[in-house]
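Q:
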Amino acid sequence: MRPAFSVLFLTTLIGAGQGMFIALFFCELLAPERASPIFLAGGAALVLVLCGLGLIASFFHLGHPERAWRAATMWRTSWLSREVIALPAFMAAAFAYGVAHYTGVPGTLALGMIGVVLALTLFVCTGMIYAAIRVLKEWAHPLTVVNFILLGMASGVMLAAAYGAFAAPELAAALARMAFLATVLAAVTRGAALIRNARLSPFSTMQSALGIRHPRIVQKSQGAMGGSYNTREYFHGKSPEFVRGLIPAFILASFVLPLALVASLPLLAFLIQYGGLLAERWFFFAEARHPQNLYYQTVG
Amino acid sequence: MTQLALVIDLNVCVGCHACVTNCKQWNTSGAAGALTDCNPYEQNPNGTFFNRVQTFEVGGFPSTETVHFPKSCLHCEDPACVPVCPTGASYKRKEDGIVLVDYDKCIGCKYCSWACPYGVREFDEQRKVMTKCTLCVDRIYDQSLPEERRKPSCVLACPAGARLFGDVHDPDSVVSTAIRERGGYQLMPEAGTNPANHYLPRRKTAIPVRADELYRADNPHKIDGAPFDTSLPPTTEELN
Chain A
279 MRPAFSVLFL
289 TTLIGAGQGM
299 FIALFFCELL
309 APERASPIFL
319 AGGAALVLVL
329 CGLGLIASFF
339 HLGHPERAWR
349 AATMWRTSWL
359 SREVIALPAF
369 MAAAFAYGVA
379 HYTGVPGTLA
389 LGMIGVVLAL
399 TLFVCTGMIY
409 AAIRVLKEWA
419 HPLTVVNFIL
429 LGMASGVMLA
439 AAYGAFAAPE
449 LAAALARMAF
459 LATVLAAVTR
469 GAALIRNARL
479 SPFSTMQSAL
489 GIRHPRIVQK
499 SQGAMGGSYN
509 TREYFHGKSP
519 EFVRGLIPAF
529 ILASFVLPLA
539 LVASLPLLAF
549 LIQYGGLLAE
559 RWFFFAEARH
569 PQNLYYQTVG
Chain B
-18 MTQLALVIDL
-8 NVCVGCHACV
2 TNCKQWNTSG
12 AAGALTDCNP
22 YEQNPNGTFF
32 NRVQTFEVGG
42 FPSTETVHFP
52 KSCLHCEDPA
62 CVPVCPTGAS
72 YKRKEDGIVL
82 VDYDKCIGCK
92 YCSWACPYGV
102 REFDEQRKVM
112 TKCTLCVDRI
122 YDQSLPEERR
132 KPSCVLACPA
142 GARLFGDVHD
152 PDSVVSTAIR
162 ERGGYQLMPE
172 AGTNPANHYL
182 PRRKTAIPVR
192 ADELYRADNP
202 HKIDGAPFDT
212 SLPPTTEELN
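Protein chains in written order, with my numbering: chain A, 279 to 578; chain B, -18 to 221.
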């Protein structure tokens, strides 16, 4: 698949936002005396900025962004539709949580709980958008959902640690420990997905795609010389060496360097990790081999 | 329940692209707007097509076969593209099983095309919506056309008669008969999409002749001098 940058930014930004919200909630739940309302309100604002940027990025993916509201209609069958509902719902909860802290309205823990449930729901929706596509074997696995949750958590808690180092030094050490743990967990599950996907057999074969039982089938023409939607959307155009080379790069930037830096320089750790996760998401798309590519092996 | 579909005979298709051209002509002239062409007279011309003919070579020299393979939406009975659509723009008609896109509802997110294993949906770069074969829904019910012309334009264009059109749920239809009697099959059955369109395989015409048909039943007096196989049972004439 060709990675769409709008989707890379959407999933990484809202993932960090959701993870950060969950981190803030646990700060309030576990250390209410140290998590000042102004720290939590400021954090909620940061969450909203991340999700807002993600939302803006997502509109660049659409051919008709002015009709985006229609995407909320088919929530009974479509995970994309469910995500379209869950994202504003989560943002509304984060907004209410921040306002409640800023104005001193009671019941912030209940609001936070609603926000956490919505954040997790949104994680599952985002992950299932990819995991629900049966024909993309690299994605069609529960690990996809787990990775969206844990990678989002890792970057979100990392940002919370960076924010805490600046706004709530008494929480910084605990948040850095949480970020360390979340990043280690994410590294384990992402590594598991890498190992699984390296051993996958293709979804389909030339024989099945054409219905011709012969071991040697070679494409001589794909019906168009100047490319088509099929060649643009499903091929990333980079060499296999480039894609393979991205694996150590994103492992280093998403996991190794942030783990080394989180205790001393959490903001730098977050920035490196965010760049690493963009690379990770790019690889996530590029790695997925669509069965339609069988029909587009040779131009002519 | 009606399920309209195409049956494409790979044994007959000569790869002339007449179906591609007539499909483009009909569908670019319709009420839904033109099918985009990008750089039509420049380098790398490309555009939106609902139907393409591809060519494959099967086997190695000297036993090589060239297979021309027309490819368009298969109007699956369990379409993977429909439930994933967030707006309901992608839908399957209950009355005749045609899978369609409502161009006024489509937001152009391309998610449906990811779910389709066959790569038969094409995003239109100018209209910014997902497009696909409509089975010429705007002509197969057109009462102003003579009845024999109420068929998809690709079917009408095919000079070799490689494309059949009909209801695959009606056991007596021309398509069901062809599938049943000429080995019609579906593409990528492992995708679980149950395509309505079927393909008829390449065939070599061969008449199997058994030895006893030559030497005994068809030539009871062995006047051609062929050696008589004593292990064969006696003929009716010899018994009488």
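Virtual Cβ for every residue (Gly too), placed ideally from N, Cα, C.
(1) Using a Cβ-Cβ cutoff of 7 Å, what residues of the segment 339 to 360 of chain A are near chain B? List them in chain order.
(2) Would you mind sorting B:P60 into buried or exposed? The rule is 16 or more other CB atoms within 10 Å of its CB.
(3) Suppose you measure from the CA of A:V402 to the CA of A:I427; what does that come to, to the nearest Å?
(4) Which of the residues in the segment 33 to 62 of chain B, read from start to end, lie with their CB under 8 Å from any CB of chain A?
(5) Name the chain A residues whose beta carbon is nearer than 9 Å to that of B:I(-12)?
(6) Which first and last residues belong to the beta strand (DSSP E) in which A:I529 is found?
(7) Our contact map puts B:E128 next to B:T29 with C-beta atoms below 8 Å; I'd like the distance itself, whole angstroms only.
(8) Between the beta-carbon of B:V39 and the beta-carbon of A:I490, is there less than 7 Å?
(9) Would you check if there are 3 or more beta carbon pairs closer than 8 Å linking the segment 430 to 438 of chain A to the segment 284 to 301 of chain A?
(10) DSSP three-state label for A:Y380, please.
(11) Counting only beta-carbon atoms, is A:G332 nearer than 7 Å to chain B?
(12) Cβ closer than 7 Å: which chain B residues qualify as neighbours of A:L433?
(13) Tell me B:N27's beta-bridge partners as DSSP assigns them.
(14) DSSP puts B:A(-14) in a beta bridge; with which residues?
(15) Strictly below 8 Å CB to CB, what residues from chain A border B:M169?
(16) How close, in whole Å, do the beta carbons of B:T68 and B:C93 come, if the pair is a contact with beta carbons under 8 Å?
(17) Pull up the distance between the alpha-carbon of B:Y22 and that of B:S53, whole angstroms please.
(18) Determine the DSSP secondary structure at B:F50, reduced to helix, strand or coil.
(19) Check whether the Cβ atoms of B:L145 and B:V(-7) sit closer than 7 Å, and answer yes or no.
(20) Output the boundary residues of the beta strand (DSSP E) element that contains B:L181.
(21) Can you find a C-beta in chain B that's less than 7 Å from the C-beta of A:H225?
(22) Going by the DSSP bridge assignment, what does A:I495 pair with across the sheet?
(23) Got a sec? Which residues, its chain only, sit under 7 Å from A:A410 by beta carbon, not counting five neighbours each side?
(24) Just the C-alpha distance for A:F260 and B:D(-10), rounded to the nearest angstrom, thanks.
(25) Quick one: does B:I160 have its CB under 7 Å from some CB of chain A?
(26) Tell whether a beta-carbon distance below 7 Å holds between B:Q156 and B:G147.
(27) Taking a cut of 9 Å between CB atoms, which residues from the segment 79 to 103 of chain B lie near chain A?
(28) Within the 7 Å Cβ cut-off, does B:G164 reach chain A?
(29) Residues of chain B with a CB under 9 Å from the CB of A:I495: which are they?
(30) Any heavy atom of the ligand MG within a distance shorter than 6 Å of the CB on A:W417?
(31) Using a Cβ cut-off of 7 Å (strictly closer), state whether B:Y180 contacts chain A.
(32) Classify A:T381 as buried or exposed, calling it buried when 16 or more other Cβ atoms lie within 10 Å of its own Cβ.
(33) Determine the closest residue to A:T404 out of A:V424, A:M391, A:E416, with distance taken between C-alpha atoms.
(34) Measure the C-alpha to C-alpha separation of B:C66 and B:K109 and round it to an integer number of angstroms.
(35) Following the continuous beta strand (DSSP E) through B:L81, name the residue where it begins and the one where it ends.
(36) So that I know if they touch, is there some Cβ in chain A lying closer than 7 Å to that of B:T(-17)?
A: Put simply:
(1) Listed in sequence order: H339, L340, G341, H342, R345, A346, R348, A349, T351, M352, T355, S356, L358, S359.
(2) B:P60 is buried by the Cβ-count criterion.
(3) Using only the alpha carbons, I get a separation of about 7 Å.
(4) Along the segment 33 to 62 of chain B, going in chain order, the ones with a CB nearer than 8 Å to a CB of chain A are R33, V34, Q35, T36, F37, E38, V39, G40, G41, T47, V48, F50, K52, A61.
(5) Looking at the sequence shown, residue -12 of chain B is not Ile but Val. Those do not exist, as B:V(-12) stays about 13 Å from chain A at its closest Cβ, beyond 9 Å.
(6) For A:I529, there is no enclosing beta strand (DSSP E); the enclosing alpha helix (DSSP H) covers residues 518 to 529.
(7) Contact flag wrong, Cβ pair sits at about 30 Å.
(8) Against a cut-off of 7 Å, the Cβ pair of A:I490 and B:V39 comes out as a contact.
(9) Judged by Cβ distances under 8 Å, the segment 430 to 438 of chain A makes contact with the segment 284 to 301 of chain A, as three or more pairs qualify.
(10) For A:Y380, the secondary structure class from DSSP, reduced to helix, strand or coil, is helix.
(11) Chain B, which has no Cβ nearer than 7 Å to the Cβ of A:G332, makes this no.
(12) According to the sequence shown, residue 433 of chain A is Ser rather than Leu. Against chain B, a Cβ distance below 7 Å from A:S433 picks out nothing, because the smallest value is about 24 Å.
(13) Beta-bridge pairing by DSSP links B:N27 to B:C19.
(14) According to DSSP, B:A(-14) bridges with B:G147.
(15) Correct list: S482, S486, A487, P569.
(16) About 10 Å; that fails the 8 Å criterion.
(17) In this model, B:Y22 and B:S53 are separated by some 25 Å (Cα to Cα).
(18) Annotated three-state conformation of B:F50 is strand, per DSSP.
(19) No. Outside cutoff.
(20) Its beta strand (DSSP E) spans residues 179 to 181.
(21) There is no way to answer for residue 225 of chain A, as the model of chain A reaches only from 279 to 578.
(22) Per the DSSP secondary-structure output, A:I495 pairs in a beta bridge with B:V39.
(23) If we look at A:A410 and ignore the five residues flanking it on each side, its Cβ neighbours are W357.
(24) The first residue shown for chain A is 279 and the last is 578, placing residue 260 of chain A beyond what the model contains.
(25) Cβ-Cβ to chain A under 7 Å: no for B:I160.
(26) Reading off the sequence, residue 156 of chain B comes out as Val, not Gln. Contact: yes.
(27) The residues in question are D85, K86, C87, I88, G89, C90, K91, Y92, S94, W95, A96, C97, P98, Y99, G100, V101, R102, E103.
(28) By this cut-off, B:G164 is not an interface position.
(29) Residues of chain B passing the Cβ test: F37, E38, V39, G40, V48.
(30) The model on display carries no ligand, and the ligand MG is accordingly not part of it.
(31) Yes, contact with chain A.
(32) Result: exposed.
(33) For A:T404, the nearest C-alpha among the options comes from A:V424.
(34) So the two alpha carbons sit approximately 15 Å from each other.
(35) For B:L81, the enclosing beta strand (DSSP E) covers residues 80 to 82.
(36) Contact with chain A is absent for B:T(-17), since none of that chain's Cβ atoms lies less than 7 Å from the residue's Cβ.
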